[in-house]
Every structure is written in C-alpha cells, then in structure tokens.
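One structure is given below, encoded as structure tokens.
Numbering (our numbering), first residue to last: -12 to 52.
Rendered as structure tokens:
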C-alpha cells in the first residue's frame, strides 16, 4: 500500500492530496455557496406582525422611478 501519491509538473515534484482532503474541500465549497445564497435570500425577506412575511426587492423600486 503506497503511503502517498506524487505528481510532477514542469520538473517539480508535488505530493497529491489524499481523498479525504479533496472531498472535504469540495463539500466546504458547496456548503459555502449554499450558505451565501441563503443569506442573500434572507436579506430580501421582511416580517411585520400585522402583515406577516413578504419579499422586499430594492431593484424593482429603483427601476420604477
């Protein structure tokens, strides 16, 4: 069983990352993208006790003026 994998680019030897590190990086990138999208969606959500929830998009008001 090999301890590590290596690759060579332009005469320089690099150690390849293990599978766990690659999967961890990909999952973290995906979760960050989903979290950013959720945060942006939540920035448009408004609530008032008498009105309930609604969406407030600033771009539509600026285009109407």
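Positions of the beta carbon are idealized from the N, C-alpha and C atoms, including for glycine.
Three-state secondary structure assigned by DSSP to residue 39: What you label residue 39 is simply residue 52 of the chain shown in a count that begins at 1. Secondary structure of residue 39 (DSSP, three-state): strand.
Give me the Cβ distance between residue 44 and residue 34, rounded to the nearest whole Å; I'm assuming they're in contact under 8 Å. Translated into the one-based positions of the chain shown, residue 44 becomes position 57. Translated into the one-based positions of the chain shown, residue 34 becomes position 47. A Cβ-Cβ separation of about 15 Å leaves residue 44 out of contact with residue 34 under the 8 Å criterion.
Cα-Cα separation, residue 8 to residue 39: For the purposes of this step, residue 8 is identified with residue 21 of the chain shown, where counting begins at 1. For the purposes of this step, residue 39 is identified with residue 52 of the chain shown, where counting begins at 1. Residue 8 and residue 39: Cα-Cα distance of roughly 44 Å.
Rounded Cβ spacing between residue 2 and residue 17 (contact assumed at less than 8 Å): As a position in the chain shown, residue 2 is number 15, starting the count at 1. As a position in the chain shown, residue 17 is number 30, starting the count at 1. Going by Cβ atoms, the distance from residue 2 to residue 17 rounds to 25 Å, so no, they are not a contact pair.
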